[in-house]
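Q: If you count the sequence shown from 1, you need to add 687 to reach my numbering.
All residues carry an ideal CB built from backbone N, CA and C; glycine is no exception.
Quick one: this structure, given as structure tokens, is what I'll be asking you about.
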Amino acid sequence: MLLAFTGNGKGKTTAALGNALRILGAKKRALMVQFIKGPWRSGEHASVTRLGPDFKIISTGKGFVGILGDSLSFEEHMVAVEKGFTITKKEIASGAYHLLILDEIHNAIALGLIPVSFVLSFLDYAKDKVEHIITTGRDAPKEILERAGLVTEMRAVKHPFEKGEKAVQGLDF
Ligand code: ATP
Ligand code: MG
Numbered sequence: 688m689l690l691a692f693t694g695n696g697k698g699k700t701t702a703a704l705g706n707a708l709r710i711l712g713a714k715k716r717a718l719m720v721q722f723i724k725g726p727w728r729s730g731e732h733a734s735v736t737r738l739g740p741d742f743k744i745i746s747t748g749k750g751f752v753g754i755l756g757d758s759l760s761f762e763e764h765m766v767a768v769e770k771g772f773t774i775t776k777k778e779i780a781s782g783a784y785h786l787l788i789l790d791e792i793h794n795a796i797a798l799g800l801i802p803v804s805f806v807l808s809f810l811d812y813a814k815d816k817v818e819h820i821i822t823t824g825r826d827a828p829k830e831i832l833e834r835a836g837l838v839t840e841m842r843a844v845k846h847p848f849e850k851g852e853k854a855v856q857g858l859d860f
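Rendered as structure tokens:
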């Protein structure tokens, strides 16, 4: 099953994390690969290490693309995304994981860091290696929305960011 979480509201990555927790309860294993997001550690990284080999998160991104003091070239971000897929392919090759989450992959496609055709081919490969795949991120391309059997759009009704409030530890990271 392919599930896509998109939209401009909060909850895409955390919904995917929730599904991972749920699949662990079914005695299965989850792998989350984070694209774009930088090497900084979010709350989920610390908790997931406690869950041992059943749940693993790999961050492959280099951080913000083109904003907030990004010092890398666009090409460097492209290489990071491609590398992310190489790592993912290796990780799932043995069939060790049941749920694969490609976090922020929609953004990577929308930014032009990876062609949607590449991601679709990857999904073809991955569907024989894992049971379920979740893709997250704003601006999901129509090709992924068409292919997914479940699509949820998080819609921002209100976010403290609009009032200039900063991200909150434990809620936002
Ligand atoms: P989360 O990781 O909390 O589930 P998300 O994956 O839906 O959020 P992203 O687009 O990946 O959202 O952005 C991650 C960060 O941006 C989080 O800190 C989140 O709180 C914040 N965020 C999400 N939606 C909005 C919004 N509409 N306005 C401002 N900030 C937002
Ligand atoms: Mg997210």
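(1) Beta-carbon within less than 6 angstroms of Asp826's beta-carbon, same chain only, minus the 5 sequence neighbours each way: which residues are those?
(2) Any residue with its C-beta under 7 angstroms from a non-hydrogen atom of the ligand MG counts. Can you list them all in chain order?
(3) For Ser746, which three-state DSSP category applies?
(4) Please identify the residue among Thr822, Tyr784, Tyr812, Leu807 whose C-alpha is closest to the C-alpha of Leu711.
(5) If you run the structure through DSSP and keep just helix, strand and coil, what is Val806?
(6) If we count the other Cβ atoms within 10 Å of its Cβ and call it buried at 16 or more, is Ile831 buried or exposed?
(7) Rounded to whole angstroms, what's the CA-CA distance from Leu789 to Ile821? Just pull it up for me.
(8) Give the range of the beta strand (DSSP E) segment to which Ala843 is assigned.
(9) When the distance is taken between beta carbons, is Leu690 closer than 8 angstroms to Glu731?
(10) Whole angstroms are fine: how far does the CA of Val803 sit from the CA of Pro828?
(11) What whole-angstrom Cβ distance do Ala733 and Ala717 have, given they're in contact under 8 angstroms?
(12) Since Thr693 contacts Gly824 with CB under 8 angstroms, what's their CB separation in whole angstroms?
(13) How is the alpha helix (DSSP H) around Phe761 delimited, first residue to last?
(14) For Phe722 and Gly771, which I take to be in contact (beta-carbon distance under 8 angstroms), what is that distance rounded to the nearest angstrom?
(15) What I want to know is whether the C-beta of Phe860 ends up closer than 7 angstroms to one or more non-hydrogen atoms of the ligand ATP.
(16) Under 7 angstroms from any heavy atom of the ligand ATP, does the C-beta of Asn695 make it?
A: Looking at the coordinates:
(1) Here the set comprises His793, Ala797.
(2) Going by the Cβ distance cut-off, the answer is Lys699, Thr700, Asp790, Glu791, Thr823, Gly824.
(3) Strand at Ser746.
(4) Looking at the Cα atoms, Tyr784 is the closest of the given residues.
(5) Of the three classes helix, strand and coil, the one that applies to Val806 here is helix, per DSSP.
(6) By the 10 Å Cβ count, Ile831 comes out buried.
(7) Computed Cα separation, rounded: 6 angstroms.
(8) For Ala843, no beta strand (DSSP E) run applies, since DSSP gives it neither H nor E.
(9) By the CB criterion at 8 angstroms, Glu731 and Leu690 fall outside the cutoff.
(10) Approximately 8 angstroms between the Cα atoms of the pair.
(11) The pair is not a contact, with the Cβ atoms about 16 angstroms apart (cut-off 8 angstroms).
(12) Going by Cβ atoms, the distance from Thr693 to Gly824 rounds to 7 angstroms, so yes, they are a contact pair.
(13) Here the alpha helix (DSSP H) through Phe761 covers 761 to 779.
(14) Under the criterion of beta carbons closer than 8 angstroms, Phe722 and Gly771 qualify as touching, at roughly 5 angstroms.
(15) Phe860: yes, Cβ under 7 angstroms from the ligand ATP.
(16) Yes; taking the cut-off as 7 angstroms, the Cβ of Asn695 has a heavy atom of the ligand ATP nearer than that.
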